[in-house]
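Some notes on the structure that comes next.
Residue numbers (the numbering used here), protein chains in the order written: chain E, 68 to 461; chain Z, 68 to 461; chain R, 68 to 461.
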């Protein structure tokens with residue numbers, strides 16, 4: 068969990084402008100020495116700018132230098148990350164330089180991947196052009212791999228201003244990047260999360276990204292790498308949430324009951340077998356059935372890895388038995404202000420539900436197959452049995 | 068109100084894959100028998116997939132089968148719904164098959180409508196290409212009718228993950244679908260709302276959709292059909308809302324006053340003729356004018372059908388009298404914590420306000436003209452006089 | 068501050084349809100008489116409609132009329148605002164008419180600017196096509212200047228409905244307009260804010276717009292002009308905010324301490340040197356370090372003009388000294404419920420942070436250079452020294 072899926076040795080912003088020729092040589096040294104030990108892929112970032120031919124030419128020279136077969140780094144290098152791209156014709160310029168690099172060094176055409184950093188309005192527009200351009204015979208854009216959002220430079224390019232200087236959250240950019248990745252079989256990755264100490268914020272950003280189909284995120288520190296590796300994984304144990312207007316509170320398991328300890332919701336059984344429920348200041352009198360219906364709307368279940376695998380296996384069995392849809396049922400006993408109440412949640416699963424539920428499992432399988440170094444830890448986390456079933460389901 | 072505007076007999080997800088040839092025959096049986104009684108349009112859904120030529124060919128065969136003139140269903144069929152389309156060239160493949168179906172069965176070219184389900188990133192991108200393609204001479208895309216969002220499959224295609232497995236709300240997709248519909252004279256329709264028992268949630272979704280210009284929604288149950296028919300209609304009686312940070316509370320009419328019963332806002336008249344107002348914990352001392360200004364920002368009026376027709380008639384009369392803009396005034400007496408206060412809200416109406424206000428009326432007129440079966444119920448709901456004026460205004 | 072950067076004498080919605088020929092003559096009279104006194108640019112709005120050739124032809128005639136050299140208004144006119152444009156080919160029609168106007172009146176080709184009002188789905192789609200079209204040899208779209216959103220007509224064109232008749236906030240439209248402006252070197256401007264008395268709402272809208280890179284806004288009244296001129300300027304003095312779930316409260320400076328007076332957060336020092344913190348109802352026991360970390364997440368600083376210039380100068384000096392990144396530190400003493408606590412916030416600045424922080428300064432410099440009439444007031448507001456440093460930094 069300490070190693071990222073993709074390691075990006077940086078010769079752009081992290082290196083002083085005057086030191087970048089040495090920076091490229093540094094990358095060669097580090098990768099040729101340690102590349103064989105690294106379990107993920109290696110994609111150095113070189114300099115590039117849509118508005119500056121000199122920067123583009125330097126990026127080209129650095130790529131030539133880094134992949135020189137005599138320097139023995141190229142055998143560990145999977146591709147390059149190109150920052151500051153502009154519209155789709157600018158992407159093609161970088162692609163063409165990589166094609167020439169491949170030709171010069173006797174590498175197979177298209178064998179080096181290319182990832183771009185979307186950090187300008189022009190590049191965001193290019194995301195919508197990509198599908199029409201990616202398979203044209205005069206380019207090798209099929210080498211594209213990651214679409215990375217770079218929010219700091221994007222904010223500058225969009226001339227956006229916030230009172231505190233914080234970055235806007237740019238939901239539309241992230242949507243468009245994710246959509247471009249999905250339409251072209253690529254992977255959408257979010258940019259750096261600046262506030263390094265704010266682990267909760269980093270998690271919140273990943274949750275938000277995942278709901279947009281943006282499955283990766285830049286990591287700046289070893290701590291962020293571990294968080295980023297773990298965040299997309301379903302939890303080991305499921306949990307119940309109670310979601311009121313303001314936020315979702317996790318219910319605490321006690322014996323077999325789930326206890327609500329917040330103050331946004333108050334419940335009292337009145338003498339005549341009816342209930343008084345107060346949610347965010349609104350008070351209502353309800354009978355048991357009405358109360359159940361009300362609470363049903365407020366509680367949510369976060370399934371564990373085991374739960375997801377279970378449900379998928381159940382649906383697969385049902386499908387083999389000729390059923391197109393089955394109901395998945397889940398019961399829970401809630402304890403709110405000393406009042407106990409039983410609730411059953413059911414959800415209809417059909418082929419589409421099944422396939423949508425499959426995304427975290429497919430991601431798990433993809434990472435597991437490519438990251439032998441994580442096998443032990445994952446088995447420790449989930450148990451060998453769950454991991455094996457997760458690898459076989461779907 | 069029990070019949071939808073469009074009935075979609077389904078031969079895709081609701082039918083087991085092995086039963087779809089029989090499913091097509093079923094549609095023929097049902098439509099030929101009951102088609103003449105159904106007051107809306109009929110558009111069966113056939114199978115299709117951007118990535119699978121075999122599925123596309125089956126969809127083509129089912130369309131041929133369903134529209135066979137000898138089977139006597141085609142006279143009631145207005146078009147087909149094509150799911151799982153990809154980019155615009157994939158839409159053209161479906162369009163071409165329908166053209167061939169029309170030719171084979173002696174139907175007028177372009178007479179069968181085509182609706183698509185937007186449930187992939189590719190199809191979302193196609194929404195922006197449509198205007199450039201829709202009137203090209205080599206296709207009949209002019210047959211397009213509904214653009215339907217399919218969020219379950221879209222979530223899968225975008226590889227999105229949420230902790231609870233709930234669907235993301237996809238505001239950008241819905242915006243882009245609505246925009247595509249508006250730019251091409253089509254109708255944007257939202258996909259199924261899974262939680263069948265959650266009537267409030269279904270309503271909330273429709274309100275959100277309508278604010279995006281997405282005027283239709285899929286209905287899965289008879290109950291949802293009634294809700295979906297009624298939701299876009301302006302209410303019979305207007306209502307006043309008081310909107311604090313957290314949510315909008317409807318004020319209760321008592322005699323001629325509107326009473327606030329929530330707890331987010333507290334008001335007290337102090338001895339010296341001034342007021343103490345507390346909103347969400349912030350307390351302020353105000354004089355009567357300042358109080359009125361403050362409350363003006365917090366209250367909102369939801370106009371009834373009668374109110375909207377009234378305002379439109381007033382503006383039309385003003386326009387005929389040579390005025391370009393008039394002020395619409397509305398007074399209300401509020402009762403908050405036993406303190407009574409009079410407030411007058413006015414809004415400037417010009418041609419643009421008038422035309423924007425017209426959307427719900429135009430929708431009403433459009434449905435009314437096409438759905439003779441709803442006339443009685445609408446007259447019962449609003450009164451004959453309001454309905455007649457609503458049909459004549461604008 | 069009383070004059071806008073751009074004055075748009077209106078011959079569209081503000082003029083009755085039957086009076087528009089006289090309206091054009093009025094513009095000639097007013098501009099020829101007062102044009103030399105106006106410190107900003109002058110761009111009259113003429114009639115146009117994507118669906119109506121007659122309206123387009125009238126707009127053409129009005130432009131010919133207004134720019135007639137003999138009428139002596141043209142020397143003060145910088146361009147025209149074209150409302151109700153459709154897709155990009157419709158923009159070209161307006162551009163072509165302006166080219167003919169220039170030719171007829173002996174003006175340099177491309178010398179009259181063209182601004183468009185984006186108030187249809189088609190025009191929103193055109194924003195994404197613009198970069199491919201703007202430099203084609205057969206048009207003069209290089210004359211484009213402002214991209215203005217017109218939300219009232221857009222709402223009508225999108226057929227959107229809200230219960231109260233209020234306009235939707237259309238975040239996607241504003242994003243796409245800002246993106247189109249950034250990708251093509253133009254300026255994105257938001258449309259009119261109808262509720263003229265609601266100064267707070269107008270401010271909130273500008274803050275939201277600026278976070279999207281939309282730096283201008285329509286002003287309908289002299290009061291709105293002043294607000295719109297001042298809102299994008301950094302404040303004279305910085306301020307500390309405490310941001311809880313619900314909203315950000317400004318802390319009150321007392322001596323050298325910043326006092327929190329809200330009720331969303333409660334703090335108490337318990338006898339054993341530990342703290343009890345209650346945020347939005349969630350209570351936690353913390354030691355001093357944990358408390359500091361928690362508060363660090365809740366407080367924000369809004370920098371003054373002086374602060375921004377300071378930070379930029381510091382970073383420039385560091386860069387000259389060969390450093391690529393430096394930490395900017397800020398300390399504050401908070402007083403919450405009589406408990407005093409010291410907090411230090413630091414942020415890493417690199418080249419990208421520096422450039423993103425530069426946007427408000429660049430905007431300030433741009434306005435300052437073009438608006439000699441604002442120099443005195445700006446110096447009075449910030450002090451001569453800060454203004455001079457702001458003009459020299461970056």
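Glycine included, each C-beta is placed from N, C-alpha and C at the ideal position.
A quick note: this is a predicted structure, and the numbers were derived from the prediction, not measured.
Chain E places no beta carbon closer than 7 Å to that of residue 376 of chain R, leaving this residue out of the contacts.
Distance from the CA atom of residue 144 of chain Z to the CA atom of residue 91 of chain Z, rounded to whole angstroms, is 13 Å. The Cβ of residue 189 of chain E sits closer than 7 Å to at least one Cβ of chain R. Residue 435 of chain R sits in a helix when the DSSP states are folded into three classes. Using beta-carbon distances, residue 315 of chain E does not count as an interface residue toward chain Z, since no partner is under 7 Å. Listed in chain order, the beta strand (DSSP E) elements of length 3 or more contained wholly in the segment 222-261 of chain Z are 254-257. Counting C-beta pairs with one atom in each stretch, the segment 209-216 of chain Z and the segment 219-230 of chain E have fewer than three that are closer than 8 Å, which means they do not touch.
Only exposed fits residue 263 of chain R, as fewer than 16 other CB atoms lie within 10 angstroms of its CB.
The C-alpha of residue 106 of chain E is placed about 7 Å away from the C-alpha of residue 440 of chain E.
In the structure shown, the three-state DSSP call for residue 311 of chain R is coil. If you check the CB distance, residue 153 of chain R and residue 194 of chain R do not come in under 7 Å. With a cut-off of 8 Å on Cβ pairs, the segment 232-239 of chain R is not in contact with the segment 204-211 of chain R, counting fewer than three such pairs. Scanning the segment 349-412 of chain Z from its first residue to its last, the whole beta strand (DSSP E) runs of 3-plus residues come out as 349-353, 366-369, 392-403.
The beta carbon of residue 323 of chain Z sits closer than 7 Å to those of 400, all from its chain and outside the five residues before and after it, given in chain order.
About 6 Å separates the CB atoms of residue 168 of chain Z and residue 134 of chain Z; that is less than 8 Å, so the two are in contact. Judged by DSSP secondary structure, residue 182 of chain R falls within the beta strand (DSSP E) whose first and last residues are 180-185. Chain Z places no beta carbon closer than 7 Å to that of residue 456 of chain E, leaving this residue out of the contacts. Per DSSP, the beta-bridge partners of residue 112 of chain R are R:77, R:148. The closest CA to that of residue 408 of chain R, considering only R:398, R:415, R:157, R:427, is found on R:398. Counting only Cβ-Cβ distances below 8 Å, residue 277 of chain R has contacts in chain E at 227, 228, 229, in chain order. Not flagged as an interface residue toward chain R: residue 319 of chain E, since no C-beta distance is shorter than 7 Å. Exposed is the label assigned to residue 338 of chain Z, since fewer than 16 other Cβ atoms lie within 10 Å of its Cβ. Using a Cβ-Cβ cut-off of 7 Å, residue 192 of chain E counts as an interface residue toward chain R, since at least one Cβ of chain R sits closer than that to its own. If you compare the alpha carbons of E:120, E:115, E:110 with that of residue 140 of chain E, the shortest gap goes to E:110. Per DSSP, the beta-bridge partners of residue 416 of chain R are R:393. Residues of the segment 85-98 of chain R with a Cβ closer than 7 Å to any Cβ of chain Z: none. As computed with DSSP, residue 343 of chain R is found in a beta bridge with R:335, R:352. From the beta-carbon of residue 244 of chain Z, no residue of chain E is found nearer than 7 Å; the closest lies around 13 Å away. Rounded to the nearest whole angstrom, the C-alpha separation of residue 364 of chain Z and residue 386 of chain E is 56 Å. Your pair residue 336 of chain E and residue 342 of chain E checks out as a contact, with CB atoms roughly 6 Å apart and the cut at 8 Å. For residue 283 of chain R, the secondary structure class from DSSP, reduced to helix, strand or coil, is strand.
For residue 71 of chain E, the closest C-alpha among the options E:295, E:138, E:80, E:274 is that of E:295.
For residue 232 of chain R, the residues of chain Z that pass the 7 Å Cβ criterion are 370, 424, in the order they occur in the chain. Residue 325 of chain Z sits away from residue 372 of chain Z, with the two beta carbons spaced by 7 Å or more. Among the residues facing chain R, residue 182 of chain Z is not included, as its CB has no counterpart in that chain under 7 Å away.
Listed along chain E, the residues sitting closer than 7 Å to residue 239 of chain Z by beta-carbon distance are 239, 242.
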